[in-house]
Amino acid sequence: MKYMKKFIVVIVVLISITYQFNIIAQEASEEKSVLLKINQYYVLYAYPISPFINDKGVLMLPLRTFTELLGGKITYVPDEHQVDIVFLDRNVIFDLTKEKFYIEAGKIFISAREFFEKFEICFKWDQTNSLVEVSDDRLMKHPLIEAFEGGDVYSDGNNVINNKAFDLISFSIANDTKEPYLKRLTIKAKNISGLDIPEGMEDIHPIFLYNDNTFESESDIRSTRQRQAFNPDQIRTNTYLFGSDENLLAILALGRTIDTRN
């Protein structure tokens with residue numbers, strides 16, 4: 000299958016979200032905590048909504064998109080109120096009548112713990128950074144993620160210095176005040192490398208995946224944007240402009256340092 004890239008020059012003009020129901024509409028104006036990291040990818044959004052903590056303190060994930068991002072295949076069996084997931088050489092059937100699921104406007108959400116335990120995926124709670132973290136080379140095998148990795152110019156050779164240099168704390172999405180047809184994604188990040196990060200080495204940026212088999216990322220080219228310097232433990236924000244489209248599948252983000260001299 001052919002995967003297209005939409006190349007970026009100065010700012011990232013990207014495609015965003017058509018919100019489907021109230022809980023998603025709220026996300027456009029609120030600052031949201033980043034709650035999940037899988038391998039090097041922070042998961043900011045997965046259609047139709049970002050991972051969220053429910054009123055019982057449980058991390059909930061959108062089941063279909065999350066399954067597909069990891070590399071699995073999901074089938075909904077409405078007559079049986081079940082979903083059938085094929086993933087990691089297993090075939091697991093989930094009963095949607097159980098309390099571990101949350102359904103709104105036809106969208107299914109599952110407890111992160113329930114999903115990971117069913118497929119024997121190890122995860123941990125990072126108390127310091129308030130983050131559920133998973134490290135497993137079998138995951139994040141969606142074709143678009145693999146296509147991104149194959150075209151990431153900074154991953155060639157020794158350009159990536161530290162894949163874990165930044166903790167992405169939170170993000171927000173708002174209308175851009177200067178460009179009415181664009182939205183503004185702001186990511187708040189903390190330098191957790193323990194080192195000074197000189198100007199030019201910061202590489203905090205989103206990766207946008209779409210349902211039409213395309214993705215966007217400034218790693219398509221060697222971006223000329225200014226890369227801020229960070230002191231140890233310093234918190235700063237990066238802002239990105241993007242357009243609006245109903246085809247958005249997910250927003251992932253990297254928090255790494257790179258050598259842009261090569």
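The end of the sequence shown is residue 261 by numbering that gives the first Met the number 0, with every number in the run present.
Virtual Cβ for every residue (Gly too), placed ideally from N, Cα, C.
Coarse secondary structure for residue i, derived from DSSP in three states
i              : result
asparagine 246 : coil
leucine 87     : coil
aspartate 202  : strand
threonine 259  : coil
isoleucine 191 : coil
aspartate 166  : strand
isoleucine 23  : Model confidence at isoleucine 23 stands at a pLDDT of 43, short of 50, so the residue's coordinates are unreliable and nothing is read from them.
glutamate 40   : In the sequence as presented, glutamate is not what sits at residue 40; that position holds tyrosine. In the structure shown, tyrosine 40 sits in a strand (DSSP, three-state: E or B).
methionine 0   : Bear in mind that the predicted position of methionine 0 carries a pLDDT of just 46, short of 50, making it too unreliable to give a figure here.
tyrosine 46    : coil
isoleucine 220 : With a pLDDT of 49 at isoleucine 220, under the threshold of 50, the predicted position of this residue should be treated as unreliable, and no value is reported.
asparagine 210 : coil
Contact check, residue i vs residue j, beta carbons under 9 Å
i                 : j                 : result
alanine 146       : phenylalanine 214 : yes
phenylalanine 207 : isoleucine 168    : no
lysine 31         : glutamate 132     : no
isoleucine 234    : lysine 182        : no
valine 76         : isoleucine 84     : no
leucine 43        : phenylalanine 170 : yes
phenylalanine 165 : glutamate 201     : yes
arginine 112      : valine 33         : no
lysine 72         : phenylalanine 93  : no
leucine 247       : asparagine 210    : yes
asparagine 158    : isoleucine 257    : yes
lysine 163        : aspartate 232     : no
phenylalanine 122 : proline 61        : no
histidine 80      : leucine 69        : no
isoleucine 160    : arginine 255      : yes
asparagine 38     : methionine 139    : yes
tyrosine 46       : threonine 74      : no
lysine 106        : isoleucine 191    : no
isoleucine 203    : asparagine 237    : yes
isoleucine 259    : tyrosine 153      : Before going further, note that residue 259 is threonine rather than isoleucine in the sequence given. Contact flag set, yes.
aspartate 263     : serine 216        : Past the boundaries of the shown model lies residue 263; the chain is included only from 0 to 261, so the question cannot be answered.
arginine 89       : phenylalanine 115 : no
tyrosine 40       : isoleucine 144    : yes
serine 134        : methionine 59     : no
Limits of the beta strand (DSSP E) - the one that residue i falls within
i             : result
glutamate 215 : 213 to 215
arginine 224  : That residue, arginine 224, is in no beta strand (DSSP E); it is neither H nor E in DSSP.
is_contact[residue i, chain D] using C-beta, thresh 9 Å
i             : result
histidine 204 : Absent from the structure is chain D; it holds one protein chain and no more.
Per DSSP, cross-strand counterpart(s) of residue i
i             : result
threonine 238 : Thr185
glutamate 30  : Ser171
tyrosine 180  : DSSP output for tyrosine 180 lists no bridge partner at all.
Complete runs of the beta strand (DSSP E) confined to the segment 95 to 164 [at least 3 residues]: 100 to 103, 106 to 110, 123 to 125, 130 to 133 and 159 to 161
Could I get the ranges of all uninterrupted alpha helix (DSSP H) runs contained in the segment 51 to 83, with 4 residues as the minimum, in chain order? DSSP runs (the alpha helix (DSSP H)) wholly in the segment 51 to 83: 62 to 69.
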